[in-house]
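Asker: To start, I am sharing the structure in question, which I have written as C-alpha cells.
Residue numbers (the working numbering), protein chains in the order written: chain A, 260 to 561; chain B, 7 to 393.
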C-alpha cells in the first residue's frame, strides 16, 4: 500500500438539471453499464421518441427481460417491469390484454428476445399484439460474460466459441417481417436521429412493431475479437452501415465485420390481435359481446 | 369483504365436472383474464372460460407455451385484472419459472393443476397426486406457498373462490391442486347468488401515486404492501431481483434478509390458514389424513375398518399448504398413528413424519397413480396401524 497523500481536486458542483430528469430514475444513476456501451444511447433515443409521441406517460409501460438490456426498465421513470429471462414479450402481452389502454414497450437484448424468448417473439408478431419491441443487438450474451448468441456473426470469437462461431445467425429484421410485424427497422447506436424517428414511428404504429439497434459491447465482443474500443466500433458503424430504406429483409443479414444494411424496412397495415378478436366476437355474438376495455379491479382510478 | 360481480356468477343448481366447476369458481371470484396452454386433463377449465368470458368483459388467450402463459398471467394482474392459469404436471413444470416471479413480485393469482400420473408425460388421461411437493418446492429459492385440494366438483367451485381470496389476502400465487378424478367427476354443484359469495378485495394503495413505494409494508396485518396497477400514475418499478421498498434492485445480504424473510413469514408465521374437515377424531386410535380424490376413497376404507371395530378418525385437508402442523401436534400424543392416504409414493406423508418426529406411528398408504386406491387396501392399512 502506498502512503502517498492525494490532494482532492475541488469540483464545482453542477446544479444544471439533467435534461431527461422527468423520464429517468435519477436516484438509480449512475447506471451499471460499461463505458462505451450502446445502451445509454438507446435509452436516450427511446425517451426522445416517447416524448415525441405525446402519449400520456402514466399509460406508458416498459418491460424488459434479463441481461444488460434487461436493465433498461429499471432506469426509465414509467411503470416498468424487469421480468424473467426471455419472457418480456409474453409479459407485455399480458399487460396489454389485461388493460388495452396501456402503451407497452419491450426493450431487451438479442439473446433474451430471440434465444430463450424466440418462441414468444414469433408468436407475438404472428398475433400482431399491439406492442413495440426494441431489440438491442450486441451479438452476444454480455451480462454472463460474452457467450455466443443466436445473432453472433461467423466466425466471431465468444467465450463459448473460442475457435470462432459457426452456427448461422438469425437475420432479425427478416424474422420479424416473416412472422407478421407491421413495422421493422434497424439502426446502430451511431444513428441517433434516425433511431429516434424510427422508434417514434414504431410507437405510433398499431400492431407488433420492431426496432433493432446494433450496439457496441467493447468489454466483451470487441475485446475478444480485437476490434478496438467502443469508439472504434462506432467508427466501424460509420464506415460500414449502408442506409437502404425499404430494402427487402432477406438481404439484410449481417456478416462478421463486413458492410451491413440499416434503414426502415417494413411499414404495413395489418389488423391487430385486438382488432381481429373484437371483429370476430362481434360477428359471432353481436350485442352480447362485452369487450374488456380496462382493469377489472380498480379502486382508485377513474 | 366484497360481494361477487353478478356477471360472472352462474347462480343455480348444476351438473358439472370438477374442471367446469373450478372455472365457474374462478369466474365467480372475478377472473377476467386467462392465459393458458392446452394440456390434458385440465383443458375444460380454459375452454369454459374462453366460452364464458366474452359475456362478462373477460379475455382469454391461448399462449405458445406454459412459460409464456404464466408470464402473461403475472403481467395481467399488474395490468389490473384477476388472473388465472390452468395446467397439468408437465405444464406446471414450465410454469415454475414465472410462479417464482409472481412470488417475488407479490402477485395475487391462481394456478390450477389438474394432476395426472407422472413423471414426464406419464399418464396424461389418468389421475395422480404426485405434484404436491412440486407445488411446495417447484420453483427455486426460499418461499412459502398456499395450495388447496378439492375432493368434489362442489369443492372445486368453493375452494377456487377461496384460493383467489387467499391470493389477494397474502399477495401471492395460490395453487388449486385438482386431480384427474375430481376434474372429470360429474356431480351436482350449487352456485349461490352473487351477494352470497364473499370476495377478498385487492389490497390497493390509496395515497398520492407520486409517493407510492411498491414494497413498503405499512403495518398491514398480513405483512403485505398495498398494490397499484400499471397506468395508475405511480410510475413504479418492480423486478424479479432482490429489491427494496422502492422496488429497486438491492443485491445485498441485508436486503435479501428483509425481503425473503417477509415473503416466507407472511405465510409461515400464520396458524390460521387452515381448512380441515374432521370426523370421528375423539377417541380414535388411528387418524387417516387425505386430500383430493384420496379423501373420497378413504371414506370407503374407513367405513370398512369401523365395521370391523377399529376406532378410526379422518382429517380431510382442503388446504394442504401450509400444512396443518398445529393440529397434527395436538393429536399426535393421543393416537397410535397417522395413516396418510395419497396417490403418490410418499409426499405429504413426509410432512407428517417430520412433524410427528417419532411421537406416534406414521404410515403411508401410497399409490403410483393411474387409478384410485382400493378401499379394502386402505381398510387393511388402518387395521394394521391400530394393532
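Note that the Cβ used here is the ideal one computed from N, Cα and C, for glycine as well.
Leaving out five residues before and five after residue 219/B in sequence, what residues of the same chain have Cβ atoms less than 6 Å from its Cβ?
Answerer: Mapped onto the second chain, residue 219/B falls at position 213. If we look at residue 219/B and ignore the five residues flanking it on each side, its Cβ neighbours are 251, 252.
Asker: Determine the burial state of residue 114/B: buried for a count of at least 16 other Cβ atoms within 10 Å of its Cβ, exposed for fewer.
Answerer: Here residue 114/B refers to the residue found at position 108 when the second chain is read from its first residue. With 16 or more Cβ atoms within 10 Å of its Cβ, residue 114/B is classed as buried.
Asker: Using the rule of at least 16 other Cβ atoms within 10 Å of the residue's Cβ for burial, across every protein chain shown, is residue 425/A buried or exposed?
Answerer: Within the first chain, numbered from 1, the residue matching residue 425/A stands at position 166. Label assigned to residue 425/A: exposed.
Asker: Using a cut-off of 7 Å between C-beta atoms, extract the partners of residue 488/A located in chain B.
Answerer: Within the first chain, numbered from 1, the residue matching residue 488/A stands at position 229. None at all; the shortest Cβ gap to chain B is about 28 Å.
Asker: Using a threshold of 9 Å, state whether the C-beta atoms of residue 289/B and residue 123/B are closer than that.
Answerer: Counted from its first residue, the second chain places residue 289/B at position 283. Counted from its first residue, the second chain places residue 123/B at position 117. In this structure, residue 123/B does not lie closer than 9 Å to residue 289/B by Cβ.
Asker: Residue 15/B CB to nearest chain A CB: under 9 Å?
Answerer: Taking the second chain and counting its residues from 1, one reaches residue 15/B at position 9. Cβ-Cβ to chain A under 9 Å: no for residue 15/B.
Asker: Flag residue 74/B as yes if its beta-carbon sits less than 9 Å from any beta-carbon of chain A, otherwise no.
Answerer: Reading the second chain from its first residue, position 68 is the one you call residue 74/B. It does: the Cβ of residue 74/B has a partner Cβ on chain A nearer than 9 Å.
Asker: On the three-state DSSP scale, how would you describe residue 66/B?
Answerer: For the purposes of this step, residue 66/B is taken as residue 60 along the second chain, with counting starting at 1. Of the three classes helix, strand and coil, the one that applies to residue 66/B here is strand, per DSSP.
Asker: Secondary structure at residue 357/A, three-state DSSP: helix, strand or coil?
Answerer: By 1-based counting over the first chain, the position of residue 357/A is 98. In this structure, residue 357/A counts as helix in the three-state DSSP scheme.
Asker: Check this for me: beta carbons of residue 272/B and residue 229/B, under 9 Å apart or not?
Answerer: The residue labelled residue 272/B in the question sits at position 266 within the second chain. The residue labelled residue 229/B in the question sits at position 223 within the second chain. Closer than 9 Å, so yes.
Asker: Suppose you measure from the CA of residue 151/B to the CA of residue 217/B; what does that come to, to the nearest Å?
Answerer: As a first step, residue 151/B must be located in the second chain, where it is residue number 145. As a first step, residue 217/B must be located in the second chain, where it is residue number 211. So the two alpha carbons sit approximately 31 Å from each other.
Asker: Mind the definition here: the region 287-302 of chain A touches the region 339-351 of chain A only if three or more C-beta pairs lie below 8 Å; say whether that holds.
Answerer: Contact between the region 287-302 of chain A and the region 339-351 of chain A is absent, because fewer than three Cβ pairs lie under 8 Å.
Asker: Nearest to residue 552/A by alpha carbon, out of 537/A, 542/A, 544/A?
Answerer: Locating residue 552/A in the first chain gives position 293, where the first residue counts as 1. Ranking 537/A, 542/A, 544/A by Cα distance to residue 552/A puts 537/A first.
Asker: For residue 210/B, write down the residues that DSSP places opposite it in a beta bridge.
Answerer: Numbered from 1 along the second chain, position 204 holds the residue referred to as residue 210/B. Per DSSP, 233/B.
Asker: Could you check the C-alpha separation between residue 346/B and residue 119/B for me, to the nearest Å?
Answerer: Here residue 346/B is taken as the residue at index 340 of the second chain, counted from 1. Here residue 119/B is taken as the residue at index 113 of the second chain, counted from 1. About 21 Å.
Asker: Taking only runs of the alpha helix (DSSP H) that begin and end inside the region 314-373 of chain B, which ones reach a length of at least 4 residues, in chain order?
Answerer: Complete alpha helix (DSSP H) runs here, min 4: 331-337, 354-362.
Asker: Tell me the residue span of the alpha helix (DSSP H) that contains residue 496/A.
Answerer: By one-based count along the first chain, residue 496/A stands at place 237. Where residue 496/A is concerned, the enclosing alpha helix (DSSP H) stretches over 489-499.
Asker: Residues of chain A with CB under 7 Å from residue 85/B, in chain order?
Answerer: As a first step, residue 85/B must be located in the second chain, where it is residue number 79. Those within 7 Å of residue 85/B in chain A are 353, 354, 357, 358, 361, 554.
Asker: To the nearest angstrom, report how far apart residue 410/A and residue 274/A are at their CA atoms.
Answerer: Translated into positions along the first chain, residue 410/A becomes position 151. Translated into positions along the first chain, residue 274/A becomes position 15. Using only the alpha carbons, I get a separation of about 42 Å.
Asker: Using a Cβ-Cβ distance under 9 Å, would residue 5/B count as near chain A?
Answerer: The structure shown has nothing for residue 5/B, since chain B only spans 7 to 393.
Asker: Taking only beta carbons into account, state which residues of the region 328-340 of chain A come closer than 8 Å to chain B, listed in chain order.
Answerer: Against chain B - using a Cβ distance shorter than 8 Å - the residues of the region 328-340 of chain A are 332, 333, 336, 337, 338, 339, 340.
Asker: Taking C-beta pairs closer than 7 Å, name the residues in chain A that residue 65/B reaches, listed in chain order.
Answerer: By 1-based counting over the second chain, the position of residue 65/B is 59. Near residue 65/B (Cβ distances below 7 Å), the residues of chain A are 356, 551.
Asker: Under 9 Å, do residue 66/B and residue 52/B count as touching if we go by C-beta distance?
Answerer: As a first step, residue 66/B must be located in the second chain, where it is residue number 60. As a first step, residue 52/B must be located in the second chain, where it is residue number 46. Yes. Within cutoff.
Asker: Please determine if the region 152-169 of chain B and the region 180-187 of chain B are in contact, where contact requires at least 3 C-beta pairs separated by less than 8 Å.
Answerer: Yes, they touch.
Asker: Considering only their Cβ atoms, is the gap separating residue 200/B from residue 60/B smaller than 9 Å?
Answerer: As a working note, residue 60/B is residue 54 in the second chain. As a working note, residue 200/B is residue 194 in the second chain. Taking 9 Å as the Cβ cut-off, residue 60/B and residue 200/B do not qualify as a contacting pair.
Asker: Using only CA atoms, which one of 282/A, 408/A, 382/A lies nearest to residue 479/A?
Answerer: Sequence index remark: in the first chain, residue 479/A carries index 220 (1-based). Residue 408/A is the option with its Cα nearest to residue 479/A.
Asker: When the Cα of residue 80/B is compared with those of 526/A, 356/A, 316/A, which residue comes out closest?
Answerer: In the second chain, the residue the question calls residue 80/B occupies position 74. When each option's Cα is compared against that of residue 80/B, the closest is 356/A.
Asker: Can you find the residues in the same chain that come closer than 6 Å, C-beta to C-beta, to residue 174/B, ignoring five residues on each side of it along the sequence?
Answerer: The residue given as residue 174/B occupies position 168 in the second chain. Same-chain partners within the cutoff: 114, 206, 208.
Asker: Can you list, in chain order, the residues of its chain with a C-beta nearer than 7 Å to that of residue 487/A? Leave out the 5 residues immediately preceding and following it.
Answerer: By 1-based counting over the first chain, the position of residue 487/A is 228. Contacts found: 481.
Asker: Tell whether a beta-carbon distance below 9 Å holds between residue 197/B and residue 311/B.
Answerer: For this step, residue 197/B is matched to residue 191 along the second chain. For this step, residue 311/B is matched to residue 305 along the second chain. Going by C-beta atoms, residue 197/B is not nearer than 9 Å to residue 311/B.
Asker: Identify, in the order they occur along the chain, each residue of the same chain with its Cβ nearer than 7 Å to the Cβ of residue 380/A, setting aside the five sequence neighbours on each side.
Answerer: In the first chain, residue 380/A corresponds to position 121, counting from 1. Hits under 7 Å: 348, 372, 373.
Asker: Please list, in chain order, the residues of the region 482-510 of chain A that have any C-beta partner in chain D closer than 7 Å.
Answerer: Structure shown: chain D not included; protein chains present are A and B.
Asker: Check for me: the alpha helix (DSSP H) holding residue 193/B runs from which residue to which?
Answerer: Position 187 of the second chain, counting from 1, holds the residue named residue 193/B. Here residue 193/B belongs to no alpha helix (DSSP H); instead the beta strand (DSSP E) covers 192-197.
Asker: Which of the three DSSP states is assigned to residue 530/A in this structure?
Answerer: Stepping through the first chain from its first residue, residue 530/A is reached at position 271. Residue state, collapsed to three classes: coil.
Asker: Measuring only the C-alpha atoms, how far is residue 315/B from residue 296/B?
Answerer: For the purposes of this step, residue 315/B is taken as residue 309 along the second chain, with counting starting at 1. For the purposes of this step, residue 296/B is taken as residue 290 along the second chain, with counting starting at 1. Approximately 21 Å, taken between the alpha carbons.
Asker: Can you grab the Cα-Cα spacing for the pair residue 203/B / residue 509/A, in whole Å?
Answerer: Residue mapping note: residue 203/B aligns to position 197 of the second chain, counting from 1. Residue mapping note: residue 509/A aligns to position 250 of the first chain, counting from 1. Cα-Cα distance, rounded: 58 Å.
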